[in-house]
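**Student:** Below is the structure I would like to discuss, written out as structure tokens.
Numbering (the numbering used here), first residue to last: 434 to 562.
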């Protein structure tokens with residue numbers, strides 16, 4: 434299968450791989466107002482316990498070993514929020530749909546939501562279920 438732009442009309446669309454809850458969308462609006470355009474990178478589970486890390490766009494450098502899972506369209510946020518993951522982790526999670534949520538608690542010191550007293554987390558399910 435080609436990229437979405439290269440696919441013929443007879444080829445099925447790629448399944449949506451990442452979404453946000455209303456609570457996460459509200460926090461993303463707040464963080465965008467404070468920090469400008471945002472991005473996520475799903476960490477691999479070392480020091481931050483495999484948490485979705487939220488950064489100002491360009492504050493985390495992605496490369497050839499990262500996969501863009503999707504771009505989150507948030508009402509009230511002008512630019513989509515790209516969601517990245519390492520290709521090694523994507524190989525393990527390739528059959529999973531991710532939903533970004535937010536809960537009270539201590540987040541990582543590097544993720545933008547940490548000073549808000551909340552943290553982003555991932556809720557997952559198998560693609561198609």
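Positions of the beta carbon are idealized from the N, C-alpha and C atoms, including for glycine.
(1) Go to residue 452, then tell me how far its beta strand (DSSP E) extends in each direction, as first and last residue.
(2) Can you give me the C-alpha to C-alpha distance between residue 467 and residue 548, rounded to a whole angstrom?
(3) Taking C-beta to C-beta, are residue 471 and residue 494 nearer than 8 Å?
(4) For residue 504, which residues of its own chain have a beta-carbon under 6 Å away from its beta-carbon, when the five flanking residues on both sides are left out?
(5) Here's a check: name, in chain order, each residue in its chain whose Cβ is nearer than 7 Å to the Cβ of residue 457, leaving out the five neighbours to either side.
(6) So, are the CB atoms of residue 500 and residue 520 less than 8 Å apart?
(7) Going by CA-CA distance only, name the one from 450, 523, 484 that's closest to residue 539.
(8) On the three-state DSSP scale, how would you describe residue 551?
(9) Starting from residue 523, trace the alpha helix (DSSP H) in both directions and tell me its first and last residue.
(10) Just to confirm, is the Cβ distance from residue 531 to residue 498 under 8 Å?
(11) What is the rounded straight-line gap between the Cα of residue 560 and the Cα of residue 522?
**Tutor:** Straight from the coordinates:
(1) 451 to 453
(2) 12 Å
(3) no
(4) 513, 515
(5) 533, 534, 535, 553
(6) yes
(7) 484
(8) strand
(9) 520 to 526
(10) no
(11) 16 Å
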